[in-house]
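Peer 1:
Protein chains: 2
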Amino acid sequence: MYQYLPLFLDTISFLFYQNECVKMINRRKQFEYLVSNLKDIPKENLNKEKNSVKRSPYHQRIHIESLFGMLGDPNGFSYFNGYYHLFHQWFPMKYSTNPNYFQQGWFHWKSRNLVDWIPVGEAMNNDTVFDKYGVYSGSAIPINNKLFLMYNGNSWTNTDTDDWHRVPSQLGAYMNENDNVAKLANPLIKGPISGYTGHFRDPKIFKKNGKYYSIIGAQTKAKTGTVLIYESQNLKLWNKVGEIKTNFEKNGYMWECSDYFELDNKGVVLFCPQGLKSKGNQFLNAFQACYAIGNKLDFRNLYFEGKKYEEIDSGFDFYAPQTMIAPDGRRILSAWMSIMNSNSPLIKYHYDGCLIFPRELSVQNDKLIQKPVSEITKLYTTDYKGKRTISKNQEIIAGLVNCRDIKFDISTKYNNAISIIDLFADRKNTNHLRLVLNRMKNRFIVQRGKAGLEFEDEFGNERSCKLKVENSVSIRIIQDISSAEIFINNGENVFTMRVFVPKDQYHIFVKNVNGEVNVKYQIHQLRKMSSE
Amino acid sequence: MYQYLPLFLDTISFLFYQNECVKMINRRKQFEYLVSNLKDIPKENLNKEKNSVKRSPYHQRIHIESLFGMLGDPNGFSYFNGYYHLFHQWFPMKYSTNPNYFQQGWFHWKSRNLVDWIPVGEAMNNDTVFDKYGVYSGSAIPINNKLFLMYNGNSWTNTDTDDWHRVPSQLGAYMNENDNVAKLANPLIKGPISGYTGHFRDPKIFKKNGKYYSIIGAQTKAKTGTVLIYESQNLKLWNKVGEIKTNFEKNGYMWECSDYFELDNKGVVLFCPQGLKSKGNQFLNAFQACYAIGNKLDFRNLYFEGKKYEEIDSGFDFYAPQTMIAPDGRRILSAWMSIMNSNSPLIKYHYDGCLIFPRELSVQNDKLIQKPVSEITKLYTTDYKGKRTISKNQEIIAGLVNCRDIKFDISTKYNNAISIIDLFADRKNTNHLRLVLNRMKNRFIVQRGKAGLEFEDEFGNERSCKLKVENSVSIRIIQDISSAEIFINNGENVFTMRVFVPKDQYHIFVKNVNGEVNVKYQIHQLRKMSSE
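Chains as they are written, first to last, in this note's numbering: chain A, 87 to 618; chain V, 87 to 618.
See below:
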């Protein structure tokens with residue numbers, strides 16, 4: 087994830103990226119109240135943040151969200167010492183005022199079952215010379231009885247002048263079985279490295295054939311995005327193997343949060359190319375998280391033969407994916423349910439950001455398939471089931487809280503039937519998150535325009551994908567107080583988004599245009615995740 | 087335009103088209119109250135329709151709309167006897183009840199200047215054996231001191247049984263200088279013709295190299311759309327030349343409302359392919375009106391070498407285009423500002439449908455360019471002009487009525503500036519038709535979701551196109567009480583749509599996200615068109 091600057095600075099940075107250097111300004115203001123530890127902040131100021139967060143009516147029940155301040159990329163997603171571990175970028179004082187403190191580190195959660203998460207606390211703070219201006223993103227791998235963390239430390243030179251520049255270091259740390267982290271004194275890889283700019287970050291570590299590899303996002307001197315692969319025998323000495331070579335053009339000015347893994351006998355590359363323009367109904371969000379599938383990466387020449395890349399998620403809010411392997415071999419995905427620089431309605435409560443509900447990945451026909459992890463059943467409470475034939479608007483009753491695992495199977499003999507599911511709806515179904523299965527046009531559409539608070543309308547309030555026309559379409563929605571994750575046809579397409587509606591908008595409606603449809607549904611109310 | 091059936095019958099027809107024969111039902115009910123002339127309908131019933139229409143708050147001021155009942159395709163667009171003539175498909179009793187009469191003919195308007203239109207009255211009724219079930223669409227060409235009309239007469243056999251079939255005839259008629267039409271006794275072309283189904287209609291007549299040609303939409307026995315070209319020396323004997331051959335695949339199950347003309351040294355084919363699936367951000371409406379540009383058609387082998395086709399208009403409501411040549415040589419376009427089977431909010435007032443404001447066409451770089459005809463200046467009344475630098479929401483004051491010719495030039499030095507224009511807005515700008523110039527994603531977006539009455543949401547409430555990123559973007563909007571025609575960058579892209587908002591939603595707002603923009607505007611309030 088890129089640095090989090092106040093909006094004005096971000097704008098300046100964009101100009102800088104895309105047009106070479108338009109204008110730079112000094113960073114004096116940004117770091118005026120730089121602290122390396124929350125302990126250095128007066129309790130009064132901390133309490134102001136915490137109390138503000140309490141006032142939000144939009145708190146999630148089954149998603150990890152920021153305690154206060156801003157949550158960013160998931161980091162160090164791993165299994166170690168009998169627990170799943172999931173860290174995230176944390177900017178606790180991001181929305182503080184009088185003064186606006188700067189602090190950026192990792193916050194730590196752990197879980198026995200992927201659904202109940204215990205907040206452990208801060209794992210790393212920006213307290214060394216190498217990560218003074220931010221403990222940026224990274225990953226983790228268990229090494230003997232410790233968890234090895236590899237991450238990017240951000241530093242700046244000359245922040246008082248307009249001639250600042252970025253010093254990125256790939257750093258290491260070990261977390262012991264008591265969840266205490268000790269940073270290594272010296273960088274594993276010193277940056278910037280020759281041929282690349284200071285945008286060099288987000289190391290994703292993995293082991294293959296007895297060697298350690300790290301895949302790291304980078305920007306070439308020509309201001310194009312790429313990923314570099316490093317290798318190490320001992321986790322101390324790291325050698326650059328080179329840039330990954332792809333069949334497709336490496337669009338964008340920077341690639342962030344890259345990942346590589348092998349699944350179902352294929353190689354999968356994940357990356358977040360910044361600076362993509364929209365194309366048809368693709369790449370509509372400000373920033374994208376993409377994947378490419380091909381034969382397994384050839385580590386001798388770094389040639390990856392996937393022919394194209396596409397978005398991992400077609401919704402409004404999905405970025406910075408990271409994967410891990412569960413003890414039973416499943417490849418599990420986490421991601422940030424947000425887009426950078428988003429003008430979130432939560433900011434006024436002095437917090438923002440949550441992670442997606444963990445998903446199990448598979449590859450079918452060179453497509454990434456995503457499903458909520460099966461452990462979700464541990465959250466099930468009341469069930470609602472039914473079968474109906476539907477044409478006009480009908481309500482489906484399923485509890486009074488927007489926290490559900492909703493499964494619809496919709497079948498019809500009418501080729502041109504257009505089925506509509508409205509979630510987060512008010513009693514009269516005037517406002518809602520609308521899902522449209524348009525068989526006539528082979529198109530699935532999500533409409534957020536009438537779903538509560540206006541939110542990033544300037545990137546459009548509809549998202550859509552091609553809908554395979556079959557007799558029956560399955561739609562599954564993981565619904566939480568302020569989010570929806572929509573899985574079409576068993577996870578062939580996924581749409582993830584935040585939705586901010588009043589609490590009384592908990593209704594669900596179904597209708598059909600052109601003929602009628604048979605609707606089978608199974609809805610599970612979900613309990614709040616346990617934090618103990 | 088295809089037959090106008092009650093919704094249920096239409097659904098049946100769709101199934102029939104796309105899946106061969108799923109089910110047919112007899113047409114007894116449809117034609118129970120078939121009349122060939124409004125004179126055969128009790129005055130009381132007619133008055134009910136007329137009075138209902140008066141109650142609508144959505145009447146247009148500068149667009150031809152239906153007096154009562156439903157307006158369909160523009161027909162017979164031509165210049166003759168010192169007037170522009172424009173007919174349209176008319177179903178005056180379409181929304182009548184107790185009983186629901188069936189009558190379908192042409193309604194006639196004429197104009198000296200393309201902007202003030204006189205309603206002449208019914209031009210043709212469904213009163214012969216060949217057009218008993220509908221005077222369908224057609225075209226016109228001046229021949230000496232008369233206007234020759236060539237059109238499709240629709241007939242059915244066995245309407246009382248489930249084994250009905252369609253008999254399409256291409257018919258002729260002459261209109262004299264007193265605007266009286268006399269139909270020819272015998273068909274010019276009897277259908278159905280060998281190798282094609284009963285879907286054979288919408289003859290567009292033109293003269294070239296001393297010969298008359300007619301381009302006619304058709305469906306092959308294999309249920310694919312195409313166009314046929316006929317030729318004649320004398321307007322009486324017509325010979326089939328053959329099917330037009332294209333480089334692109336002839337998608338769709340039927341091509342309606344085809345047209346061919348030459349412009350700026352290129353050949354242009356217009357057609358309305360039915361049955362297209364959506365593709366990215368294209369072909370989103372239920373039905374499409376498309377064009378292809380190539381070298382001029384070779385009339386010997388009917389080979390047209392345009393390589394692709396695209397939509398004429400990227401908006402929500404545009405179908406059945408027809409063109410004519412003005413006395414000064416301009417190629418002028420009319421079209422139906424609607425999509426078939428639309429669930430229009432006007433239906434409850436017992437009328438629906440209007441035509442677009444006439445547009446002048448040109449071809450630049452193999453793209454069709456459209457502009458409102460220059461005669462629009464005759465409608466100008468009060469002008470509002472200004473220049474501003476804008477970031478936050480600002481109102482632009484320009485009168486209290488949504489009937490304007492609005493021109494914006496928006497320039498900025500910020501690459502990522504996202505400019506927003508809200509029209510049809512309420513005082514607080516909560517509801518509006520939103521136009522988004524998203525430079526960051528090279529995307530222009532129109533959002534209708536918050537613009538008054540919900541209307542065909544099931545086909546999506548956003549439309550978009552690629553936005554060429556230049557320092558300055560020009561946007562022109564022809565706004566009427568219940569419609570907007572949006573011309574991007576001098577007519578490179580056009581978005582046409584109906585919008586149904588309360589009268590007090592006449593506000594205009596502009597804002598910008600990321601940096602600021604310079605906005606130059608020139609807004610002309612428009613007088614109502616004169617009908618005398």
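Cβ atoms here follow ideal geometry from the backbone N, Cα and C, with glycine treated the same way.
Kindly indicate if chain V contains any beta-carbon less than 8 Å away from that of Asn370 of chain A.
Peer 2: By one-based count along the first sequence, residue 370 of chain A stands at place 284. A small correction: the amino acid at residue 370 of chain A is Leu; Asn does not occupy that position in the sequence shown. So, interface residue.
Peer 1: What residue does the beta strand (DSSP E) around Val139 of chain A start on, and which one ends it?
Peer 2: On the first sequence, position 53 is the one that residue 139 of chain A refers to. Segment Lys129 to Lys140 is the alpha helix (DSSP H) holding Val139 of chain A; no beta strand (DSSP E) there.
Peer 1: Taking any Cβ of chain A, which residues in the segment 519 to 534 of chain V have a Cβ under 7 Å from it, in chain order?
Peer 2: Arg520, Val522, Asn524, Met526, Lys527, Asn528, Arg529, Ile531 and Gln533
Peer 1: Taking 6 Å as the limit between beta carbons, can you name the residues of its chain near Asn517 of chain A, skipping five residues before and five after?
Peer 2: Residue mapping note: residue 517 of chain A aligns to position 431 of the first sequence, counting from 1. Cβ within range, chain order: Lys536.
Peer 1: How is Asp399 of chain A classed by DSSP in three states: helix, strand or coil?
Peer 2: Locating residue 399 of chain A in the first sequence gives position 313, counting from the first residue. Reduced to three states, the DSSP call for Asp399 of chain A is coil.
Peer 1: Suppose you measure from the CA of Ser550 of chain V to the CA of Met583 of chain A; what does that come to, to the nearest Å?
Peer 2: Indexing the second sequence from 1 puts residue 550 of chain V at position 464. Indexing the first sequence from 1 puts residue 583 of chain A at position 497. Answer to the nearest angstrom: the Cα atoms are 21 Å apart.
Peer 1: Between Glu481 of chain A and Glu578 of chain V, what straight-line distance do the alpha-carbon atoms span, to the nearest angstrom?
Peer 2: Numbered from 1 along the first sequence, position 395 holds the residue referred to as residue 481 of chain A. Numbered from 1 along the second sequence, position 492 holds the residue referred to as residue 578 of chain V. One alpha carbon belongs to Glu481 of chain A, the other to Glu578 of chain V, and they sit about 44 Å apart.
Peer 1: In the segment 163 to 244 of chain A, which residue ranges form an unbroken beta strand (DSSP E) of at least 3 residues, counting only runs that do not cross its ends?
Peer 2: 169 to 177, 191 to 197, 204 to 210, 221 to 229 and 232 to 243
Peer 1: Could you give the DSSP three-state label for Asn123 of chain A: helix, strand or coil?
Peer 2: Residue mapping note: residue 123 of chain A aligns to position 37 of the first sequence, counting from 1. Coil at Asn123 of chain A, not helix or strand.
Peer 1: Between the alpha carbons of Thr245 of chain V and Pro431 of chain V, how many angstroms are there, rounded?
Peer 2: Within the second sequence, residue 245 of chain V is the residue found at index 159, counting from 1. Within the second sequence, residue 431 of chain V is the residue found at index 345, counting from 1. Whole-angstrom Cα-Cα distance: 31 Å.
Peer 1: Give the list of continuous beta strand (DSSP E) stretches no shorter than 3 residues that lie fully inside the segment 360 to 406 of chain V.
Peer 2: As summarised for the segment 360 to 406 of chain V, the continuous beta strand (DSSP E) elements at least 3 residues long and confined to that stretch are 376 to 380, given in chain order.
Peer 1: Tell me, please, whether the segment 440 to 449 of chain V touches the segment 382 to 393 of chain V by the rule of three or more beta-carbon pairs shorter than 8 Å.
Peer 2: no
Peer 1: Is there at least one Cβ from chain A nearer than 8 Å to Cys107 of chain V's Cβ?
Peer 2: Taking the first residue of the second sequence as position 1, residue 107 of chain V is located at position 21. Any reading at Cys107 of chain V must be qualified, since the residue scores a pLDDT of 33, below 50, and its modelled position is unreliable; no value is offered.
Peer 1: Quick check on DSSP: helix, strand or coil for Lys632 of chain V?
Peer 2: Here chain V covers residues 87 to 618 and nothing more, so residue 632 of chain V does not appear.
Peer 1: So which residues on chain A does Val599 of chain V lean against when the C-beta distance must stay under 7 Å?
Peer 2: Along the second sequence, one-based indexing puts residue 599 of chain V at 513. Simply Glu544.
Peer 1: From Ile504 of chain V to Ser558 of chain V, what does the alpha carbon distance come to, in whole angstroms?
Peer 2: Taking the second sequence and counting its residues from 1, one reaches residue 504 of chain V at position 418. Taking the second sequence and counting its residues from 1, one reaches residue 558 of chain V at position 472. One C-alpha to the other measures close to 12 Å.
Peer 1: In whole angstroms, what is the alpha-carbon distance linking Ala271 of chain V and Trp324 of chain V?
Peer 2: For the purposes of this step, residue 271 of chain V is taken as the residue at position 185 of the second sequence. For the purposes of this step, residue 324 of chain V is taken as the residue at position 238 of the second sequence. Distance between the alpha carbons of Ala271 of chain V and Trp324 of chain V is about 16 Å.
Peer 1: In this structure, does DSSP put Asn576 of chain V in helix, strand or coil?
Peer 2: Position 490 of the second sequence, counted from the first residue, corresponds to residue 576 of chain V. Helix, per DSSP.
Peer 1: Leaving out five residues on either side along the sequence, give the residues of the same chain with a beta carbon under 6 Å from the beta carbon of Asn262 of chain A.
Peer 2: Taking the first sequence and counting its residues from 1, one reaches residue 262 of chain A at position 176. Around Asn262 of chain A, the same chain offers Lys232 as residues with beta carbons nearer than 6 Å, after the five sequence neighbours per side are excluded.
Peer 1: What are the residues in the segment 505 to 516 of chain V lying within 8 Å of chain A by C-beta distance?
Peer 2: Hits within the stretch, in order: Ile506.
Peer 1: Would you decide whether Gln611 of chain A is buried or exposed? Buried here means 16 or more other CB atoms lie within 10 Å of its CB.
Peer 2: Position 525 of the first sequence holds residue 611 of chain A. Gln611 of chain A should be labelled buried.
Peer 1: Does DSSP classify Trp466 of chain V as helix, strand or coil?
Peer 2: Locating residue 466 of chain V in the second sequence gives position 380, counting from the first residue. It should be pointed out that residue 466 of chain V corresponds to Tyr in this sequence rather than to Trp. Tyr466 of chain V falls in the strand class under three-state DSSP.
Peer 1: Given that Glu548 of chain V touches chain A, what residues does it touch there, using C-beta distances under 7 Å?
Peer 2: The sequence position of residue 548 of chain V within the second sequence is 462, counting from 1. In chain order: Gly546, Asn547 and Glu548.
Peer 1: From what residue to what residue does the beta strand (DSSP E) around Tyr260 of chain A run?
Peer 2: Working through the first sequence from its first residue, we reach residue 260 of chain A at position 174. Counting along the chain, the beta strand (DSSP E) containing Tyr260 of chain A begins and ends at His251 to Met261.
Peer 1: State yes or no: is the beta carbon of Lys536 of chain A nearer than 8 Å to at least one beta carbon in chain V?
Peer 2: Translated into positions along the first sequence, residue 536 of chain A becomes position 450. Yes, its Cβ sits closer than 8 Å to a Cβ of chain V.
Peer 1: Does the count of Cβ pairs from the segment 306 to 325 of chain A and the segment 364 to 374 of chain A closer than 8 Å reach three?
Peer 2: no
Peer 1: For Gly485 of chain A, decide whether its Cβ has a neighbour in chain V, counting only Cβ atoms nearer than 8 Å.
Peer 2: The residue labelled residue 485 of chain A in the question sits at position 399 within the first sequence. It does not: the Cβ of Gly485 of chain A has no partner Cβ on chain V nearer than 8 Å.
Peer 1: Scan the segment 486 to 550 of chain V and note each continuous beta strand (DSSP E) run of 3 residues or more that stays entirely inside, going in chain order.
Peer 2: 490 to 497, 504 to 511, 519 to 524 and 529 to 533
Peer 1: At the level of alpha carbons, what is the spacing between Leu441 of chain A and Asn320 of chain A?
Peer 2: Translated into the one-based positions of the first sequence, residue 441 of chain A becomes position 355. Translated into the one-based positions of the first sequence, residue 320 of chain A becomes position 234. Whole-angstrom Cα-Cα distance: 32 Å.
Peer 1: Quick check: is the beta carbon of Gly191 of chain A nearer than 8 Å to any beta carbon in chain V?
Peer 2: Locating residue 191 of chain A in the first sequence gives position 105, counting from the first residue. For Gly191 of chain A, the answer is no, since every Cβ of chain V falls outside 8 Å of its Cβ.
Peer 1: Using alpha carbons as the reference points, say which of A:Val354, A:Lys276, A:Tyr339 and A:Glu348 lies closest to Tyr316 of chain A.
Peer 2: Position 230 of the first sequence holds residue 316 of chain A. Closest option to Tyr316 of chain A, Cα to Cα, is A:Lys276.
Peer 1: Among residues of its own chain, excluding the 5 on either side of Leu388 of chain V, which ones have a beta-carbon nearer than 8 Å to its beta-carbon?
Peer 2: Position 302 of the second sequence, counted from the start, is the residue given in the question as residue 388 of chain V. Closer than 8 Å at Cβ, skipping near neighbours: Ile315, Val327, Gly328, Glu329, Ile330 and Lys331.
Peer 1: Interface residues of chain V around Gly366 of chain A at Cβ under 7 Å?
Peer 2: Within the first sequence, the letter at position 280 stands for residue 366 of chain A. Within 7 Å Cβ-Cβ: Gly366 and Asn367.
Peer 1: I want to verify the contact list: residues of chain V whose CB lies under 8 Å from the CB of Lys453 of chain A, in sequence order.
Peer 2: Walking along the first sequence from the start, residue 453 of chain A turns up at place 367. The contacting residues do not exist; Lys453 of chain A stays about 18 Å from chain V at best.
Peer 1: When the cut-off is 8 Å and only beta carbons count, does Lys363 of chain A lie next to chain V?
Peer 2: The residue labelled residue 363 of chain A in the question sits at position 277 within the first sequence. Output row for Lys363 of chain A: interface = yes.
Peer 1: To the nearest angstrom, how far is the alpha carbon of Trp422 of chain V from that of Cys343 of chain V?
Peer 2: In the second sequence, counting from the first residue as 1, residue 422 of chain V sits at position 336. In the second sequence, counting from the first residue as 1, residue 343 of chain V sits at position 257. Cα to Cα, the separation comes out at about 11 Å.
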